[in-house]
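Protein chains in written order, with this note's numbering: chain A, 1199 to 1591; chain B, 847 to 978.
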């Protein structure tokens, strides 16, 4: 069976459900996942009986798996899977849902990510920090002594390499944090809504030099779900459909040896152009950018890789103010993982859905026909891109 | 509380070489490529052997881990963190490593480095890199 590009582009996101996020205690990740799915299905104007596919993603806390189907009472599913590719998962969930619909496995697929790593008495960073053991055996001993021990230091190494090569500065990274916070002040769902200045960024404590605290995402509890269905069905549902125009994934597998461009580019450099080619657009056609921002640096290199500026000029782009409210290239318009909520790839994807629908309220960008969404996982190991549009294509 | 490295069967040849002051990495003779010590097999399926390297390198990137200290011997020059880095061995392979005792502000891209071995907490000697 040959599937045409039109069939591949024949799906849309029609429902969005976001639970309370942040320091939400007393609900397990599985319960948050179930709540998010119920919210998304209701938002789509559907009931759980309409759902015939489910793709689940859990985070650090675990407990979110295919048993969610039973918890929700779903029956006769044609598609049920747990997938995990770290920060690139959400984009992949949309892609797999669209492929499943094009291929006849299901008609209406719920996708969900939920996590509850925060504990009432612990610091946020503890959730992702490996505690050094007293004795580390074998090659794991080498890694424990002699390498990045957590994502912060892994990304710090990558950011320093970008600085070495291109002259990127901490102040330029800070401009990304300041711009995203300015967006977050307009987002009622954002955890951090007080404006920050570049001086605040520079004065925030070091987490892993060259990264300040305000270069780093938060950690959140919560769940986000979406409903994906065919464009034909979407036409009869209450929400403005968010059409899936293009997609790609790249998991680079960088060779760590002479000549490697690790730290200078990400999988977005390959997946971005592929996704835009599938959508039939160029970067100039993109109205809103929702970029995976585990760190300010990740936003910066992804914008370069997508072609919103030349490689190495991301720092100047950020410092120009183009990314913030009122700028020419609105980016991470909900505040992103730096300022709003951290639910892996569902953070940028959820904001893209809100913006393409035109439901961004005070933060709504005036032109919202086309959005690009990135997901990034590991330390630049995993990447997904989506191009979303307000019209069928 | 100092972190300690301990050997197992797979790492025994590596730590034996380290104890004699020799840095070794994995090598595929068929592909003529080097791999990090923990690499189990060549991506093309060939066997890997242990191969000595000169222990001289250049600095690719670095960072200061401001988190909890793992070993006093790894502290930076200013005593407020541990400097980690990636070095490019003269043979071309990159290694994640620690840069004990350095001032991060003095580091620069391409700085010449050389290996040293530290037996943290009395455990097996682990390679670290310092400016040559």
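We treat Cβ as the ideally placed atom computed from N, Cα and C, and that holds for glycine.
Model, not experiment: these values are computed from the prediction.
In whole angstroms, give me the CA-to-CA distance for residue 1454/A and residue 1583/A.
24 Å
Partner residues on chain B for residue 1531/A, Cβ-Cβ distance less than 8 Å
Per Cβ cutoff of 8 Å: no residues; residue 1531/A is ~30 Å from chain B at best.
Opening and closing residue of the beta strand (DSSP E) in which residue 1441/A lies:
1440-1448
So residue 1265/A is in the beta strand (DSSP E); what residue range does that whole segment cover?
Run containing residue 1265/A: none; DSSP gives neither H nor E here.
For residue 876/B, count neighbouring Cβ atoms within 10 angstroms of its own Cβ and tell me buried if that reaches 16, exposed if not.
exposed
Run through the DSSP bridge pairs and tell me what residue 1359/A is partnered with.
DSSP, once it has assigned bridges, lists no residue as partnering residue 1359/A.
Could you please tell me which residues of the region 1333-1349 of chain A, in chain order, have their CB closer than 9 Å to any CB of chain B?
1333, 1334, 1335, 1336, 1337, 1338, 1339, 1340, 1341, 1342, 1343, 1344, 1345, 1346, 1347 and 1348
If contacts are defined as beta-carbon pairs under 8 Å, then residue 1364/A and residue 1513/A qualify, I think. What distance do you get, rounded to the angstrom?
7 Å
If you draw a straight line from the C-alpha of residue 1313/A to the C-alpha of residue 1508/A, how long is it?
36 Å
Assigned exposure category for residue 1258/A - 16 Cβ within 10 Å defines buried
exposed
Under 9 Å Cβ-Cβ, which residues of chain A neighbour residue 938/B?
What residue 938/B touches in chain A: 1455, 1456 and 1457.
Going by C-alpha distance, which of 1278/A, 1234/A, 1260/A and 1300/A is nearest residue 1203/A?
1300/A
Would the region 1464-1472 of chain A and the region 1263-1274 of chain A be scored as touching if the rule is three or more Cβ pairs under 8 Å?
no
7 Å Cβ cutoff met for residue 1424/A and residue 1214/A:
yes
Can you pull the chain A residues whose beta carbon is under 7 Å from the beta carbon of residue 911/B, in chain order?
1347, 1351 and 1406
Does the beta-carbon of residue 1231/A have 16 or more other beta-carbons within 10 angstroms, so that it is buried, or is it exposed?
buried
Pull out every residue of the region 939-951 of chain B whose Cβ sits closer than 7 Å to any Cβ of chain A, in chain order.
939, 940, 942, 943, 944 and 950
CA-CA distance, residue 882/B and residue 1352/A?
17 Å
Which chain A residues sit within Cβ distance under 8 Å of residue 969/B?
Those within 8 Å of residue 969/B in chain A are 1333 and 1339.
Confirm, please, whether the CB-CB distance from residue 1496/A to residue 1490/A is below 7 Å.
yes
Interface residues of the region 1455-1484 of chain A facing chain B [CB-CB below 9 Å]:
1455, 1456, 1457, 1458, 1460 and 1461
Taking 7 Å as the CB-CB cut-off, is residue 866/B touching chain A?
no
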